[in-house]
Amino acid sequence: MERSPRIPRHVAVVMDGNGRWAKNRYMPRFFGHKAGVDTLIRAIDLFADRGVEYLTVFAFSSENWKRPADEVSGLFGLVLVAASKYLEAMVSKGVRIRVIGNREGVSEQLQDAWMRAEQATAHNDRITVLVAFNFGGRWDVVQACRHALASGCSPEDITEESFARTLTLSEVPDPDLFIRTGGEMRLSNFLLWQAAYAELYFTNCLWPDFGAEEIDLALASFAARDRRFGGAESWSHGPDATG
Ligand code: FPP
């Protein structure tokens, strides 16, 4: 069956608002992050049911190291626990997990847990979830430049296509829809290169409250957009799209 271009193949999400959600309940920030993990697990299923093929989530940014040490270690601990607690469910629900980002500063224990999650879900194809952890859009561009220089590229060898192949998400289509919850309207150094033609969607909804209704509002907003990719024709499928 031909897929409708009005359903995004790839959705990227900045899951903002966990801290405020917890504060509204007179609870510590960690409580909000914990609720955020549960919301993510539900959201994976909801996006998959609606035909989204790739979901990239900003779990920890290169800049999140600036947060208090106990919040950073709390987030690392949550992700470590989630990597085993939900693994069986992810395997049985057909979810493929991939972790992207800078491995520097990430404990071996966490890296091992990710490797296990990636291996256990490698053959799933209902939806691919890309967990951006210690990730930054600028870091991604810099690592791609380093890669190009190290491989002896000359300036004329570098084209948008060849450069994009060395970026972290090279084998994934660019995000069609970029969602940020929590009311702020910025990209915060997430997928800078890849989001060049993404439709942006901002909502005041705090991440732990981002359920089916909110997902449907975001997808309806996307479906109503007039995408031209810099050209004159509406709803051209873009360079990466198939079908
Ligand atoms: C932003 O809210 C949220 C984060 C920095 C962390 C998001 C991470 C998760 C939801 C966990 C992901 C888990 C897995 C297993 C991948 P904030 O703290 O900035 O909220 P605030 O703006 O209200 O303070």
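Okay, so the sequence shown: first residue is 1 according to our numbering, each after it adds one. Every residue, glycine too, gets a C-beta built ideally from N, C-alpha and C. Keep in mind it's a predicted model, so treat the numbers as computed, not measured.
Item to complete: Would you mind reading off the limits of the alpha helix (DSSP H) that contains residue 222?
Response: As a first step, residue 222 is located in the sequence shown; it is residue number 222 there, counting from the start. Segment 212-223, the alpha helix (DSSP H) holding residue 222.
Fill in: Beta-carbon spacing of residue 208, residue 36 below 7 Å
Taking the first residue of the sequence shown as position 1, residue 208 is located at position 208. Taking the first residue of the sequence shown as position 1, residue 36 is located at position 36. Against a cut-off of 7 Å, the Cβ pair of residue 36 and residue 208 comes out as a contact.
Discussion item. Tell me the residue span of the alpha helix (DSSP H) that contains residue 79.
Written reply: In the sequence shown, residue 79 corresponds to position 79, counting from 1. Unbroken alpha helix (DSSP H) run through residue 79: 69-85.
Practice prompt. With distances taken Cα to Cα, identify the nearest neighbour of residue 164 among 183, 195, 62.
Written response: By 1-based counting over the sequence shown, the position of residue 164 is 164. Of the listed residues, the one whose Cα sits closest to residue 164 is 195.
Fill in: DSSP-derived helix/strand/coil call for residue 200
Numbered from 1 along the sequence shown, position 200 holds the residue referred to as residue 200. Three-state DSSP puts residue 200 in a strand.
Discussion item. What residue range does the beta strand (DSSP E) around residue 135 cover?
Written reply: Here residue 135 is taken as the residue at index 135 of the sequence shown, counted from 1. Taken as a continuous stretch (DSSP letters only), the beta strand (DSSP E) holding residue 135 covers 127-135.
Discussion item. Quick check on the DSSP output: the alpha helix (DSSP H) that includes residue 39 runs from which residue to which?
Written reply: If you number the sequence shown from 1, residue 39 lands on position 39. Start and end: 29-49.
Worksheet item: Count the other CB atoms within 10 Å of the CB of residue 242; is the residue buried (16 or more) or exposed (fewer)?
Response: In the sequence shown, counting from the first residue as 1, residue 242 sits at position 242. Below a pLDDT of 50, predicted positions are generally treated as unreliable, and residue 242, at 42, falls in that range; no measurement from the model is reported.
Worksheet entry | Per-residue burial, residue 65 [other beta carbons within 10 Å of its own, 16 or more giving buried] | Within the sequence shown, numbered from 1, the residue matching residue 65 stands at position 65. With fewer than 16 other Cβ atoms within 10 Å, it is exposed.
Worksheet item: Comparing alpha-carbon positions, which option in 114, 220, 5, 183 lies nearest residue 132?
Response: Here residue 132 refers to the residue found at position 132 of the sequence shown. When only C-alpha atoms are compared, the closest one is 114.
Practice prompt. With DSSP as the reference, please indicate the residues paired to residue 110 in a beta bridge.
Written response: Taking the first residue of the sequence shown as 1, we reach residue 110 at position 110. Answer by DSSP bridge pairing: none, since residue 110 is not bridged.
Worksheet item: Near residue 180, what residues of its chain come up, given a Cβ to Cβ distance below 7 Å and the 5 sequence neighbours on each side ignored?
Response: Working through the sequence shown from its first residue, we reach residue 180 at position 180. Cβ within range, chain order: 14, 16, 202.
Discussion item. Does the beta-carbon of residue 79, which I'm using as the reference point, lie nearer than 6 Å to any heavy atom of the ligand FPP?
Written reply: The residue labelled residue 79 in the question sits at position 79 within the sequence shown. Answer for residue 79: yes, Cβ within range of the ligand FPP.
Item to complete: Could you tell me how far apart the beta carbons of residue 215 and residue 46 are, in whole angstroms, since I believe they sit closer than 8 Å?
Response: As a first step, residue 215 must be located in the sequence shown, where it is residue number 215. As a first step, residue 46 must be located in the sequence shown, where it is residue number 46. The pair is a contact, with the Cβ atoms about 5 Å apart (cut-off 8 Å).
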